[in-house]
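Contents: one structure, followed by commentary.
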Amino acid sequence: MKRNLRFFFALFFAKGTALVLKLIGRKGTSMPGSWAIILCPDFLGRMPRPKTVVGITGTNGKTTVANMVEDVLSHCGYDFVCNRSGTNVNTGVASSLIANSTFFGKPKKDLAIFELDERSSPKILPYLKPDLLLCTNIFRDSYKRNAHMEFIVDILQQYIPESTRLVLNADDLLCASLKPQNHRSFFGIDRQPGETAQCRNIVQDIRVCPNCGAALSWEFIRYHHIGRASCPQCGFCSPQAGYRVTQIDADENTMTVDCHGHQQKFPMLNSSTINIYNSLSAIALLSQFGLSTEKIAASMEKLSISETRYKEEEVDGKKVILHLAKGQNPIACSRAFENIRDYPGKKAVILFLDDYFDAAHSVENISWYYDTDFEFLNNPDIPQIIAAGARHWDVCLRLLMAGIPPEKISHTAENHQAAELLSKEGIDAVFILYDVYTIGLANQVKDQTKALLSGGKSAGEQQRA
Amino acid sequence: MAIKIEILFPEFCNLFGDMSNMLYLQRCLPQGEFVKTPFSEEPLFLRERPSLVYLGPMTERTQEKVIEKLRPYKERLWQLIEEGVCFLFTGNALEVLGEYIETEEGKRLPALALFQLHAKRDMMHRHNSTFLGRLGQEEVMGFKSQFTMAFAPPDYHPFLEVVKGVGLHEKCKTEGIRYKNFVGTYLLGPVLILNPCLTKLLLTQMGLPQAELAFASEIESAYRQRLKDFHAKT
């Protein structure tokens, strides 16, 4: 698309907005991009793009993977534009491009790394035309925004350009089905001990062959529809992965990846399966970008998970763990619940599951609770579960439906009273689960929890005494 | 009396935690038999007269397949509805029994035409809302998340009167269809868990007015709290 008067007006207005925001000390907003798109709806198509554009999309893990990819590239000396401090929708991408452009919009840097919201694909992909695009996975997400997985697959199929090289999850048949005519590379994790063909989750969004509709035969199901399957009727099967985790060493915190026949050890952020997928997808993307596996492995030594997503602290020999559990995302929460179940020792769990925005002005659609595997919390090693927030009665009901004995459940409408319901007796760790927008609240409750674990008595304990 | 509940195509028609309705009924009716009919099999209602037939929401492509799957059985379905068998269809499952679904391109996909209702799809504008309605003296609440709006003639058989939110379409003051013991509603997710009065109604229609609600005290407290918020915040 050619740049016209309207484009330049939008660009200058957006740059002016960015300057004002900078002067008043506001960073990382998508306001300049919002104005640019309001004034010139096809702004992204008219804005000159950097020579190489790499995109990272998918339902879960895209922020973690984008951060990893950016950190490795920075460590390897690459200079690039990214939307790390902004948003992953069209206005965030536009803001990043505007901030990194000359007065007339020419890109200052030749490389762009963008985390891209999959739902916003129609507004981004046809304009940005990424050279390389990673899709981490496709799952159910917010019912409001993403509707259902078929809708998301359809918009990705429609809007991913034919020229884009794809890096896809071979263990996710929805993701692996994207754009069969494009150049595609796949990553996957070999079958691990204990993995069977039984699905242990409520949600399994692919059950029949996408070609002929026959019931799939599963070699193994890791979780939900993640696993390897084939069709006994037409021969359709999960693709072979060029990047395969062949061995996981949890003690050494390393994983061995077969990269097209070359074996390479990589450090792991931690041994949870989702983080192994995150690291693996970053490795596959960076390798397809052109970095050697040795260089990627060396750079990954310096990485850690963002503390806004997972943070462990210790008080008097007990752990206090902040764990992100994205609200209205049944899969992300189910993964978090499974992580808690598998964490060693006796655990108490504090749940802040309310949607921050809905709780303030409306009533949240709580249907997603019933797609979420609360059943993982029904475990003898989890003696206490505390639910706090506007929908605490609904969470309590969901916990009861999961078969959790009522005596293990406490709940309150007041978020700040959650820690007071905690009993420190007989527990080794306290998990605090929070949504992206409630990190401040989670930190406050973490401090209250630490104070309790280090000697104080909670209101609940005082009452019991 | 023997209770047999048929759940149609649960492997596909379960997009928004809807199967929780049946799990909750199982808690209320531990003696009941719950039969899951997969898409590849013949429905139970062809050979038997179940106490309840349930169908949940589905994707648009699945909806077209479900219509074709049920088309040969439309007379039987109507016979059972007329005979007073209980049905609960939630979300866009109701459209399967309507006259047609109109796509964005203006194409009409013929449905089973058991009810005078048609739906219009708009895939780029998803409708999300909270809903509060009245069923006699009771208040029923729920959530809508859909790509369609439905239209019916003025003399159709509505299920709920709109108190807050959107009915069959944005200007319609009624929601869903209730005809004899058939209940179809665009409300999705755990409608029976959200509305103990609705579960009671269903159990009564099934001939079990004395059946106890599972977690009765908690479900009532959750309902009261949510109702308060629906009145105050929506």
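If you read the protein sequences in the order shown, they are chains X and S.
The first sequence begins at 0 in numbering that gives the first Met the number 0 and counts up by one.
The second sequence begins at 0 in numbering that gives the first Met the number 0 and counts up by one.
Backbone N, C-alpha and C define an ideal beta-carbon position, used for all residues, glycine too.
Span separating the alpha-carbon of residue i from that of residue j
{"i": "His415(X)", "j": "Gln443(X)", "result": "8 Å"}
{"i": "Cys230(X)", "j": "Trp217(X)", "result": "9 Å"}
{"i": "Phe44(S)", "j": "Ser119(X)", "result": "43 Å"}
{"i": "Pro56(S)", "j": "Met21(S)", "result": "14 Å"}
{"i": "Asp41(X)", "j": "Phe146(S)", "result": "25 Å"}
{"i": "Lys108(X)", "j": "Ser280(X)", "result": "25 Å"}
{"i": "Val314(X)", "j": "Arg397(X)", "result": "31 Å"}
{"i": "Ile381(X)", "j": "Leu452(X)", "result": "17 Å"}
{"i": "Leu197(S)", "j": "Val139(S)", "result": "7 Å"}
{"i": "His124(S)", "j": "Thr58(S)", "result": "15 Å"}
{"i": "Tyr72(S)", "j": "Glu63(S)", "result": "15 Å"}
{"i": "Glu160(S)", "j": "Val84(S)", "result": "23 Å"}
{"i": "Phe8(X)", "j": "Lys1(X)", "result": "14 Å"}
{"i": "Asp17(S)", "j": "Phe8(S)", "result": "12 Å"}
{"i": "Leu420(X)", "j": "Ser298(X)", "result": "43 Å"}
{"i": "Ile23(X)", "j": "Thr86(X)", "result": "20 Å"}
{"i": "Leu116(S)", "j": "Ile295(X)", "result": "59 Å"}
{"i": "Asp248(X)", "j": "Lys61(X)", "result": "24 Å"}
{"i": "Gly76(X)", "j": "Ile330(X)", "result": "36 Å"}
{"i": "Asn252(X)", "j": "Thr28(X)", "result": "37 Å"}
{"i": "Ser162(X)", "j": "Phe229(S)", "result": "49 Å"}
{"i": "Gly57(X)", "j": "Ile137(X)", "result": "6 Å"}
{"i": "Asn145(X)", "j": "Gly454(X)", "result": "46 Å"}
{"i": "Ile438(X)", "j": "Arg5(X)", "result": "40 Å"}
{"i": "Glu311(X)", "j": "Ala428(X)", "result": "10 Å"}
{"i": "Ile6(S)", "j": "Asp357(X)", "result": "32 Å"}
{"i": "Ala441(X)", "j": "Asp154(S)", "result": "53 Å"}
{"i": "His147(X)", "j": "Arg139(X)", "result": "6 Å"}
{"i": "Tyr436(X)", "j": "His360(X)", "result": "15 Å"}
{"i": "Lys199(S)", "j": "Glu94(S)", "result": "25 Å"}
Three-state secondary structure (DSSP) of residue i
{"i": "Gly141(S)", "result": "strand"}
{"i": "Asn127(S)", "result": "strand"}
{"i": "Phe8(X)", "result": "helix"}
{"i": "Met254(X)", "result": "strand"}
{"i": "Gly401(X)", "result": "Reading off the sequence, residue 401(X) comes out as Ala, not Gly. DSSP places Ala401(X) in coil when its eight states are reduced to three."}
{"i": "Asp170(X)", "result": "coil"}
{"i": "Thr245(X)", "result": "strand"}
{"i": "Cys81(X)", "result": "strand"}
{"i": "Ile381(X)", "result": "coil"}
{"i": "Met46(X)", "result": "coil"}
{"i": "Arg177(S)", "result": "strand"}
{"i": "Arg75(S)", "result": "helix"}
{"i": "His156(S)", "result": "coil"}
{"i": "Val182(S)", "result": "strand"}
Pick from the options that is closest to residue i, judged by C-alpha positions
{"i": "Glu41(S)", "options": "Thr58(S), Arg133(S), Val65(S), Lys106(S)", "result": "Val65(S)"}
{"i": "Glu81(S)", "options": "Ile4(S), Arg48(S), Glu67(S)", "result": "Arg48(S)"}
{"i": "Leu76(S)", "options": "Thr61(S), Phe33(S), Leu54(S), Ser144(S)", "result": "Leu54(S)"}
{"i": "Ala401(X)", "options": "Ser19(S), His168(S), Leu7(S), Phe8(S)", "result": "Ser19(S)"}
{"i": "Glu103(S)", "options": "Leu226(S), Leu111(S), Ala118(S)", "result": "Ala118(S)"}
{"i": "Pro404(X)", "options": "Lys423(X), Ala417(X), Asn377(X), His147(X)", "result": "Asn377(X)"}
{"i": "Glu413(X)", "options": "Tyr369(X), Ile349(X), Phe373(X)", "result": "Ile349(X)"}
{"i": "Ser278(X)", "options": "Asn66(X), Leu43(X), Met46(X)", "result": "Asn66(X)"}
{"i": "Pro29(S)", "options": "Ala213(S), Leu108(S), Leu186(S)", "result": "Ala213(S)"}
{"i": "Pro343(X)", "options": "Asp353(X), Pro379(X), Asn59(X), Leu352(X)", "result": "Pro379(X)"}
{"i": "Ser216(S)", "options": "Leu207(S), Ile192(S), Lys227(S)", "result": "Ile192(S)"}
{"i": "Cys171(S)", "options": "Gln136(S), Pro152(S), Asp121(S)", "result": "Pro152(S)"}
{"i": "Tyr142(X)", "options": "Ile339(X), Val166(X), Gln327(X), His391(X)", "result": "Gln327(X)"}
{"i": "Leu96(X)", "options": "Pro106(X), Val88(X), Ala17(X)", "result": "Pro106(X)"}
{"i": "Ser50(S)", "options": "Thr184(S), Leu14(S), Glu137(S), Gly206(S)", "result": "Gly206(S)"}
{"i": "Gly187(X)", "options": "Thr245(X), Lys14(X), Val207(X)", "result": "Thr245(X)"}
Proximity test, residue i beta-carbon vs the ligand COA heavy atom, cut-off 6 Å
{"i": "Val152(X)", "result": "Ligands are entirely absent from the displayed structure, and the ligand COA is therefore not among its contents."}
My parser needs the beta strand (DSSP E) runs of 3 or more residues fully inside the stretch 328-375 of chain X; what are they?
346-350
Using 8 Å as the Cβ pair cut-off and three pairs as the minimum, do the stretch 42-52 of chain X and the stretch 126-136 of chain X touch?
yes
Evaluate the contact criterion for the stretch 427-447 of chain X versus the stretch 310-323 of chain X: three or more CB pairs, one atom per stretch, below 8 Å.
yes
Across the stretch 250-262 of chain X and the stretch 198-214 of chain X, are there enough close Cβ pairs to call them in contact, namely three or more that are closer than 8 Å?
no
May I ask you to verify whether the stretch 403-422 of chain X touches the stretch 382-391 of chain X, counting CB pairs closer than 8 Å and requiring at least 3?
Enough Cβ pairs lie closer than 8 Å, so yes.
Contact between the stretch 162-177 of chain X and the stretch 222-241 of chain X: three or more CB pairs below 8 Å?
yes
Please specify which runs of the alpha helix (DSSP H), each continuous and at least 4 residues long, are wholly inside the stretch 99-181 of chain X, giving them in chain order.
120-127, 142-145, 148-158, 172-175
Segment contact flag, the stretch 299-307 of chain X with the stretch 88-101 of chain X, C-beta cutoff 8 Å, min 3 pairs:
Contact fails: fewer than three Cβ-Cβ distances are below 8 Å.
Hey, which unbroken runs of the alpha helix (DSSP H) at 4 residues or more fall wholly within the stretch 18-44 of chain S?
19-27
Do three or more CB pairs link the stretch 282-294 of chain X to the stretch 232-251 of chain X at distances below 8 Å?
yes
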